[in-house]
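One structure is given here, and the rest of the page talks about it.
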Amino acid sequence: MSQNPIKYKREKAAMRARRTRIQMHGTGERPRMSVKRSLNHIYVQLIDDNSGKTLASSSDLEIKGVKGAKIEIAAKVGELIAQKALKLNIKTIVFDRGSNKYHGRVSALANAAREGGLVF
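The sequence shown finishes on residue 151 if you use our numbering, and the numbering steps up by one all the way, no holes.
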């Protein structure tokens with residue numbers, strides 16, 4: 032481990048993400064939904080790990096003119112990715128939270144995706 036606190040924080044986050052991703056693998060029929068949360072934005076991708084391709088992606092940058100709390104915006108992103116997945120005939124996914132806790136914006140995104148018709 033590094034002595035620099037910023038490097039240490041990044042190394043711990045990478046270890047948490049690796050630990051969660053070891054247990055899951057996405058396919059074309061059941062892709063992995065990877066969530067990236069930054070301080071201001073939230074991004075989500077549907078990834079086929081067999082071919083290494085992104086099937087669909089969405090972020091809060093695509094939603095124009097929506098004001099409100101970050102949790103509400105994350106829920107809109109969850110609805111948007113659910114719509115894109117259903118257009119591709121994808122109904123079941125594997126949820127990959129990465130190094131984030133299943134709490135707050137990540138939880139709101141997942142719940143909105145479930146309400147939009149995705150099963151995980």
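We put the CB at the ideal spot given by N, CA and C, even for glycine.
Under the three-state reduction of DSSP, K101 is assigned to helix. Nearest to L92 by alpha-carbon distance, out of K43, V125, I73, is I73. Residues G57, T58, G59, P62, L86 of the same chain have their beta carbon placed closer than 7 Å to that of D79, with the five preceding and five following residues left out of the count.
Residues A113, L117 of the same chain have their beta carbon placed closer than 6 Å to that of G148, with the five preceding and five following residues left out of the count. Out of F151, H134, R128, R145, the CA that lies nearest to the CA of R47 is found in R128.
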